[in-house]
Amino acid sequence: MTERKPSSEELLAIAEMVWTSYLDPEDEYPLVVDGVPDPGTAAADVVATVTISGAWQGRVLLAFSPPAARRATAALCGLDEADDAGDGDVADAVGELVNIIGGSVKSLMPQPTALSLPAVTTDGSADLSGTEVCRLTGTWRGEPVSVAVQESAQLYVGVSRTGETSR
Amino acid sequence: MRILIADDSRVMRQIVSRTLRQAGYDGHDLVEVADGKQLYDAAVAQPPDLVLSDWNMPEMNGLEALVAIRAAGIKAPFGFVTTEGSPEMRKKAEDAGAMFLITKPFTAESFRDVLDPILR
C-alpha cells in the first residue's frame, strides 16, 4: 500500500470541475465549501459511492440532501423543475457524478487500480464507516453536500442505480 | 449517420446526446444502449458509422465490446467517453482499435476536437 493520499485541495479541484461542467455551467450556483465541521451525514441523505481497488484501495462518497440530489439530477438531465426528476433518475445522476469524481481520484493514485460501478442509496441505509483521507463539506443552493475519500474501504453493499445489489 | 451511444447511465447517455447537438451535430440517428453486450449486439445487427462508448459497464465493458466488434469485422470509428483517461487506458484503447478517448466531464468543444474529422 502506498503512502500517496488524495488531498483536500485535489478533491476540491475535482469537485469544482464537476460543478462547472454539469451543476453550475452558468456560474450561478457554485459549490460553497465552508469548512464548517461536518455535522454528519443525515439518515435521509442520498449517498453514492464508488470503490477503487488495486495499488491503492479506498472509496469515494458523495452525499446530497434529497432536495440537492433532485436539483443535481434536474441540472444533469436538462429539466426545468427539480420535482420532475424521478427516483430512478436521481440514483442514476448521483451515481454518475460519483463515478466521474471517482475516476478523477483514481487517476491521482498509483496504478493499476480498478473503479467499481457506482452504488447509490436514497433511504439512509448507506454504510459510511471507513478511514477518512479527506472531505469537503459545504452547501449547494443552500442544501448540504459532502464529498469524501476513504482509504481501505470495507466491502460495501448498497443498492445500485439499476436496483440490484452492488458488487 | 448512425451513432451508437453506450453507457450504463441513462442520464449520461442523455448528456452525450445533448452535447452532440450542442457541438453542432444535428440530424444523426442516435441509438442508445446500456451495456457492452447491447453495444455489440446493436453493432452486429446494423453496423454503425460511429460508436461513443463508456468504458466501465456491466455485462461486457467497453473495451471488451470494442474487441468483439473488431473481431466481427466492423471497422466503424470507435471512441471512448469515460471517467478514466490514464496513459495506460489510452494505450489499451488504442491497441484495441479505438480512435479517441474523451474524458468526463467533457464539453461540446472537446467533442468537436475529435468528431469534426468524422462527422463533418
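Top to bottom, those sequences are chains A and B.
Under our numbering, residue 167 is the last one in the first sequence; the count climbs by one each step, no gaps.
Under our numbering, residue 287 is the last one in the second sequence; the count climbs by one each step, no gaps.
No residue lacks a Cβ here, since even glycine has one placed at the ideal position from N, Cα and C.
Please read all numbers here as calculations on a predicted model, not as lab measurements.
Skipping 5 residues on each side, what residues in its chain have a beta carbon closer than 8 Å to that of residue i?
i                     : result
residue 7 (chain A)   : 134
residue 170 (chain B) : 187, 195, 196, 197, 198, 215, 216, 217, 218, 219
residue 204 (chain B) : 226, 227, 232
My output table needs one value for residue i: the three-state DSSP class, helix, strand or coil.
i                     : result
residue 140 (chain A) : strand
residue 59 (chain A)  : strand
residue 146 (chain A) : strand
residue 269 (chain B) : strand
residue 96 (chain A)  : helix
residue 177 (chain B) : helix
residue 45 (chain A)  : coil
residue 116 (chain A) : coil
residue 170 (chain B) : strand
residue 262 (chain B) : helix
residue 53 (chain A)  : strand
Using a Cβ-Cβ cut-off of 6 Å (strictly less than) and excluding sequence neighbours within five positions of residue i, which residues of its own chain qualify?
i                     : result
residue 158 (chain B) : In the structure as shown, chain B begins at 168 and stops at 287. Residue 158 (chain B) is therefore absent and cannot be evaluated.
residue 270 (chain B) : 252
residue 48 (chain A)  : 62, 94, 95, 98, 118, 120
List the endpoints of the continuous alpha helix (DSSP H) containing residue i.
i                     : result
residue 82 (chain A)  : That residue, residue 82 (chain A), is in no alpha helix (DSSP H); it is neither H nor E in DSSP.
residue 72 (chain A)  : 66-77
residue 28 (chain A)  : Note, residue 28 (chain A): premise wrong, no alpha helix (DSSP H); not H, not E.
residue 276 (chain B) : 275-286
I'd like the span of the beta strand (DSSP E) that includes residue i, first residue to last.
i                     : result
residue 10 (chain A)  : No beta strand (DSSP E) contains residue 10 (chain A), which is instead part of the alpha helix (DSSP H) from 8-18.
residue 209 (chain B) : Segment 203-212 is the alpha helix (DSSP H) holding residue 209 (chain B); no beta strand (DSSP E) there.
residue 128 (chain A) : It is not in any beta strand (DSSP E) - residue 128 (chain A) carries neither H nor E in the DSSP assignment.
field: Cβ contact check for the stretch 232-250 of chain B and the stretch 124-140 of chain A: 3 or more pairs under 8 Å
entry: no
task: Please determine if the stretch 238-245 of chain B and the stretch 174-192 of chain B are in contact, where contact requires at least 3 C-beta pairs separated by less than 8 Å.
output: no
task: Would you check if the stretch 231-238 of chain B and the stretch 257-267 of chain B touch, i.e. whether three or more CB-CB distances between them fall below 8 Å?
output: Yes, they touch.
query: Do the stretch 62-71 of chain A and the stretch 222-235 of chain B touch if we need at least three Cβ pairs shorter than 8 Å?
result: no
- request: Report yes or no: do the stretch 200-211 of chain B and the stretch 170-177 of chain B share at least 3 C-beta pairs separated by less than 8 Å?
  value: A contact between stretches requires three or more CB pairs, one per stretch, nearer than 8 Å, and the stretch 200-211 of chain B meets this requirement with the stretch 170-177 of chain B.
message: Going residue by residue through the stretch 228-259 of chain B, where are the continuous alpha helix (DSSP H) segments of at least 4 residues, counting only ones entirely within it?
response: Within the stretch 228-259 of chain B, the complete alpha helix (DSSP H) runs of at least 4 residues are 229-238.
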